[in-house]
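Student: Residues in the sequence shown are numbered consecutively from 1, following UniProt numbering.
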Amino acid sequence: MPILSIIIPSRNTEAYIEQAVESITNQERYNRNDIEIIIVDDVSSDNTINVVNRINYHNRIKIIQNVDNVGLGESRNIGVRQATGKYIAYLDGDDYIANDYLRTVLPYLYDDNYDMILFNYSRFYDESGIIYETSHISLAADKQYTAAWNKIIKRSVAVKVPFPVSNVKWEDVYYTVTLNEVVKNVTVIENPLYFYRRRQGSISFNGTDIIGHKDIVVIFDMLLKKFSIMQLRNPNVRKLLNKQFFTHMVLAVNIGLKSIETEETVSDILNRYRLLNRGLVPAFGVGSLRWLKNIFLIQLMRWHLFGLTQLILCRIR
Numbered sequence: 001m002p003i004l005s006i007i008i009p010s011r012n013t014e015a016y017i018e019q020a021v022e023s024i025t026n027q028e029r030y031n032r033n034d035i036e037i038i039i040v041d042d043v044s045s046d047n048t049i050n051v052v053n054r055i056n057y058h059n060r061i062k063i064i065q066n067v068d069n070v071g072l073g074e075s076r077n078i079g080v081r082q083a084t085g086k087y088i089a090y091l092d093g094d095d096y097i098a099n100d101y102l103r104t105v106l107p108y109l110y111d112d113n114y115d116m117i118l119f120n121y122s123r124f125y126d127e128s129g130i131i132y133e134t135s136h137i138s139l140a141a142d143k144q145y146t147a148a149w150n151k152i153i154k155r156s157v158a159v160k161v162p163f164p165v166s167n168v169k170w171e172d173v174y175y176t177v178t179l180n181e182v183v184k185n186v187t188v189i190e191n192p193l194y195f196y197r198r199r200q201g202s203i204s205f206n207g208t209d210i211i212g213h214k215d216i217v218v219i220f221d222m223l224l225k226k227f228s229i230m231q232l233r234n235p236n237v238r239k240l241l242n243k244q245f246f247t248h249m250v251l252a253v254n255i256g257l258k259s260i261e262t263e264e265t266v267s268d269i270l271n272r273y274r275l276l277n278r279g280l281v282p283a284f285g286v287g288s289l290r291w292l293k294n295i296f297l298i299q300l301m302r303w304h305l306f307g308l309t310q311l312i313l314c315r316i317r
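What follows is the structure, given as structure tokens:
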């Protein structure tokens, strides 16, 4: 049985998928008997699947082709159901892992003491390759970063925590919150082991869709169906959700100051924010000055003073 299954969901990543795979297979500690690579192609309309077939010599990759476009979350679920490794990791088809990824994580996996292993990551610009951010995560849920790809999860846990079967964005927020209700033994690796590519056309790069930011409301409502409001008021989980609410309200305001969509999106997010924090002092996991800034800006957005909100945001950056 492999010790690690690396699941790569891909859709229209022909320019990047080879680098993603070779960032695994070129590592000193790579052994196809120990490391299982699973690519789940989500009905790519470009040449992705041909590239995958070309680099799949010796059948070292398990290739799954979706019949219908099911989205990122369900593609990952499909990969988990096909995985045979003791642990699960995720790698997006346009990203890659560090040269020392396997050498660093394998001792933790063979020790078999952890349900989840977290590690830091670096973000880089596609055009220049310049790294513009490196994370500093910790064990607290609100400090872990809401991504699937900076985590390695025991498969016996991963099968219990599927991604939401929906084409909404921000499914990793749901996944991170749900994981933290299930895992018991967790550790953090300080090294940045994952390289996230910021590119045109990716969800995180394209911030012009106001309605897309309302998907955080859909995610919160999904969580409310799974957990009680008291469970979501776990201090670290509440900080994580408050950060998400604040971020998406601000992004919506920055996109469109006077649109009906902005008012509706901010109002919907504010309703969930108030529900989560009713009777409590809102917490964001930040220092006192940033806490005051966040509270003040939220109040401005509650009054629909979006122009003033944007002006203040520009001044304090």
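Even glycine gets a Cβ: it sits at the ideal position worked out from N, Cα and C.
Just to confirm my understanding: we take glutamate 18, look at its own chain, exclude 5 residues before and 5 after, and list those with CB closer than 7 Å. What are they?
Tutor: Val51 and Ile55.
Student: Take glycine 256 and list the residues in its own chain whose beta-carbon comes closer than 8 Å to its own, dropping the five residues that flank it on each side.
Tutor: Closer than 8 Å at the Cβ level, and outside the excluded window around glycine 256, lie Ile210 and Thr262.
Student: For alanine 15 and leucine 276, I'd like the C-alpha separation in whole angstroms.
Tutor: So the two alpha carbons sit approximately 42 Å from each other.
Student: In terms of residues, what are the limits of the alpha helix (DSSP H) holding proline 107?
Tutor: Here the alpha helix (DSSP H) through proline 107 covers 101-111.
Student: For glutamate 133, which option in Tyr196, Lys86 and Lys226 has the closest C-alpha, if you only look at C-alpha atoms?
Tutor: That would be Tyr196, whose Cα lies nearest to the Cα of glutamate 133.
Student: On the DSSP letters alone, give me the boundaries of the alpha helix (DSSP H) that methionine 1 sits inside.
Tutor: Unbroken run through methionine 1: none, as it is neither H nor E.
Student: Short of 7 Å in beta carbon distance, which residues of its chain neighbour aspartate 46, apart from the five on each side in sequence? Order them along the chain.
Tutor: The residues are Asn12 and Glu14.
Student: Work out the CA separation of threonine 25 and lysine 143 for me, nearest whole Å.
Tutor: Distance between the alpha carbons of lysine 143 and threonine 25: 31 Å.
Student: Per DSSP, which residues does alanine 118 bridge with? Please list them.
Tutor: In the sequence as presented, alanine is not what sits at residue 118; that position holds leucine. The partner list for leucine 118 (beta bridge, DSSP) reads Lys151 and Val188.
Student: Can you grab the Cα-Cα spacing for the pair lysine 62 / glutamine 82, in whole Å?
Tutor: Distance between the alpha carbons of lysine 62 and glutamine 82 is about 9 Å.
Student: Might you give, ordered along the chain, the residues of its own chain that have their beta carbon closer than 6 Å to the beta carbon of residue 319, omitting 5 neighbours on each side?
Tutor: Lying before the first or after the last residue shown, residue 319 is absent from the chain, which here runs from 1 to 317.
Student: Which first and last residues belong to the beta strand (DSSP E) in which isoleucine 130 is found?
Tutor: From DSSP, isoleucine 130 is part of no beta strand (DSSP E); its letter is neither H nor E.
Student: Quick one: what does DSSP say arginine 197 is sitting in, helix, strand or coil?
Tutor: Strand at arginine 197.
Student: What separation, rounded to the nearest whole angstrom, lies between the Cα atoms of proline 282 and glutamine 244?
Tutor: Spanning the two alpha carbons is a distance of roughly 13 Å.
Student: Smallest Cα separation from asparagine 294: which of Pro2, Asp94 and Ile316?
Tutor: Answer by Cα proximity: Ile316.
Student: So leucine 72 and isoleucine 8 are supposed to be a Cβ contact under 8 Å. How far apart are they, rounded?
Tutor: No, leucine 72 and isoleucine 8 are not in contact; Cβ-Cβ is about 11 Å, not under 8 Å.
Student: Under 8 Å: do the segment 113-122 and the segment 181-198 share three or more Cβ pairs, one atom per stretch?
Tutor: The segment 113-122 is in contact with the segment 181-198.
Student: Considering Cα atoms alone, identify which of Ser5, Ile219, Val218 and Leu240 is closest to leucine 109.
Tutor: If we check each option's Cα against that of leucine 109, Ser5 comes out closest.
Student: Shortest alpha-carbon distance to valine 21 belongs to which of Arg29, Val250 and Ile37?
Tutor: The shortest Cα separation from valine 21 among Arg29, Val250 and Ile37 belongs to Ile37.
Student: Taking contact to mean 3 or more Cβ pairs, one atom from each stretch, closer than 8 Å, check whether the segment 96-111 and the segment 171-183 are in contact.
Tutor: No: the two stretches stay apart, fewer than three of their Cβ pairs being nearer than 8 Å.
Student: Which value, in whole angstroms, describes the spacing of the CA atoms of glycine 279 and leucine 289?
Tutor: So the alpha carbons of these two residues sit roughly 22 Å apart.
Student: Among the residues of its own chain, which have a CB less than 7 Å from the CB of isoleucine 49, if the five just before and after it don't count?
Tutor: Here the set comprises Asp41 and Gln65.
Student: Taking the DSSP output, what are the residues bridged to glutamine 65?
Tutor: DSSP lists Asp41 as partners of glutamine 65.
Student: Could you tell me if valine 67 is buried or exposed, where buried requires 16 or more neighbouring beta carbons within 10 angstroms of its beta carbon?
Tutor: Classification of valine 67: exposed, given that the 10 Å Cβ count is below 16.
Student: Buried or exposed: where does glutamate 74 fall if 16 or more other Cβ atoms within 10 Å of its Cβ makes it buried?
Tutor: It counts as buried.
Student: Mapping DSSP to helix, strand and coil, what is phenylalanine 124?
Tutor: Strand.
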